[in-house]
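In our numbering, the protein residues as written are 35 to 285. What follows is a short report on a single structure.
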Amino acid sequence: GGTAKATATATSTAANGTASATAGAMAGGGGDANGAAGSRAAGAAARGRSALATGNGAGASASATGGSGGLGSGVGHSGGKGGTASGTTARAVGGTGVSSATVTQTGGSGGGGNGGASGGSGAASTLTNAVSGITNGGHLTLSQTAIGGSGGESSGGLAGAAGAATSSLTFDDTANATQSISVSGATYAAGGYGGPGDVGSAASAGGSSTASTTITGSRSVNASATAGPRYPYLYNGVGGSASNNANGGAG
Numbered sequence: 035g036g037t038a039k040a041t042a043t044a045t046s047t048a049a050n051g052t053a054s055a056t057a058g059a060m061a062g063g064g065g066d067a068n069g070a071a072g073s074r075a076a077g078a079a080a081r082g083r084s085a086l087a088t089g090n091g092a093g094a095s096a097s098a099t100g101g102s103g104g105l106g107s108g109v110g111h112s113g114g115k116g117g118t119a120s121g122t123t124a125r126a127v128g129g130t131g132v133s134s135a136t137v138t139q140t141g142g143s144g145g146g147g148n149g150g151a152s153g154g155s156g157a158a159s160t161l162t163n164a165v166s167g168i169t170n171g172g173h174l175t176l177s178q179t180a181i182g183g184s185g186g187e188s189s190g191g192l193a194g195a196a197g198a199a200t201s202s203l204t205f206d207d208t209a210n211a212t213q214s215i216s217v218s219g220a221t222y223a224a225g226g227y228g229g230p231g232d233v234g235s236a237a238s239a240g241g242s243s244t245a246s247t248t249i250t251g252s253r254s255v256n257a258s259a260t261a262g263p264r265y266p267y268l269y270n271g272v273g274g275s276a277s278n279n280a281n282g283g284a285g
C-alpha cells in the first residue's frame with residue numbers, strides 16, 4: 035500500500051471565534067502472498083500528519099496509523115511487518131477560551147502466517163513532544179497517545195513480535211510569550227498485543243509501554259502519564275492468545 039500524509043489548518047479571526055483542525059492518515063496494507071508459499075509485503079508508512087488551529091478557542095487533532103503487513107504462507111516465510119507511523123503533531127494557538135491539542139499515533143499490525151509461516155512484527159510507535167500550544171490567559175489541554183502495532187498470528191511458525199509504545203511530553207508554558215491560566219498535559223502509551231499462536235505455535239509477549247509527562251506553568255498545572263495496553267485500563271502489555279496445543283504469550 036502507498037504512504038499517507040495529511041495536513042490540516044484552521045484559523046478564526048473573530049474575537050470570540052473558535053477554530054478546529056483535524057488531520058488523519060492511514061497507510062495502505064501490504065499485499066498477500068499467493069501460491070503455495072511466499073512472504074507478504076510490509077505495510078506502508080504514515081508520516082508527517084499535522085494539525086494547527088488558531089482562534090480564541092482552538093482545537094487541533096491529528097492521528098496516524100501505519101499499514102498492516104500482508105499474509106505470508108509456507109515454512110520459511112512470514113507475514114509482512116507493520117508499517118511505521120511517525121511525525122504526528124498538533125498545535126493549538128488560542129486566546130482566553132479553552133484550547134486543546136491531541137495526537138494519536140498507531141503502529142501498523144504485523145501480517146499473519148499460514149502453513150508454517152511466521153507472523154510479521156508490529157511496528158513501534160514513539161511520540162516525543164508531539165503536542166504544543168499557547169493561550170493568552172486561557173485554558174490549555176495537551177494530550178498524546180502512542181499505540182504499538184500488534185504482532186501477527188502464526189499457524190505452525192513463530193508469532194510476530196508486538197510493537198512497543200513510547201509517549202513523552204515536556205512542555206513549559208512559562209517560555210511562551212503569553213501564559214495560560216491552567217495547563218493540563220497527559221501522555222498515554224499502549225504496547226501492541228502479542229501475536230496469537232495456533233497449531234503448536236507459541237503466542238508472543240505483549241509490547242512494552244513507556245509514558246512520561248513534565249508540565250511547567252505559572253498558574254494551575256496538571257500532569258499525568260499512563261502506560262498500558264489500549265489505555266487506560268491495564269498497565270502491562272497483553273500477551274497473544276493460543277489455540278490447538280499452543281502456549282499463550284506473556285503479558
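In this text, a Cβ means the ideal position worked out from N, Cα and C, and glycines have one as well.
Paired residues, beta bridge with residue i - DSSP
i: G147; result: G106 and S188
i: R81; result: S120
i: D206; result: T250
i: H173; result: V132 and S216
i: V137; result: A96 and Q178
i: G167; result: A126
i: V255; result: V217
i: A261; result: A223
i: G113; result: Looking at the DSSP assignment, G113 forms no beta bridge with any residue, so it has no partner.
Beta-carbon proximity of residue i to residue j, cut-off 8 Å
i: A193; j: G229; result: yes
i: G197; j: G116; result: yes
i: G141; j: I181; result: yes
i: Q178; j: V127; result: no
i: T175; j: S202; result: no
i: A195; j: S238; result: yes
i: G172; j: G147; result: no
i: A119; j: S159; result: yes
i: G103; j: G110; result: no
i: I249; j: A257; result: yes
i: A157; j: G100; result: yes
i: R125; j: L161; result: no
i: G225; j: A199; result: yes
i: A96; j: R83; result: yes
Rounded Cβ spacing between residue i and residue j (contact assumed at less than 8 Å)
i: A79; j: T123; result: Going by Cβ atoms, the distance from A79 to T123 rounds to 16 Å, so no, they are not a contact pair.
i: S184; j: S235; result: About 15 Å separates the two Cβ atoms, so there is no contact after all.
When the options are compared against residue i, the one with the closest alpha-carbon
i: G106; options: S243, S152, A85 and S95; result: S152
i: S166; options: G190, G145, D206 and G185; result: D206
i: A223; options: D232, S242 and A211; result: S242
i: R253; options: G108, N170 and Q213; result: Q213
i: G89; options: G262, S134, D232 and G108; result: S134
i: S155; options: G219, G191, N170 and T162; result: G191
i: G231; options: A98, A92, S84 and G145; result: G145
i: S216; options: V233, V255 and N170; result: V255
i: G129; options: A211, Y227 and S112; result: A211
i: Y227; options: S143, A209 and Q139; result: S143
i: A209; options: A98, G108, G251 and R81; result: G251
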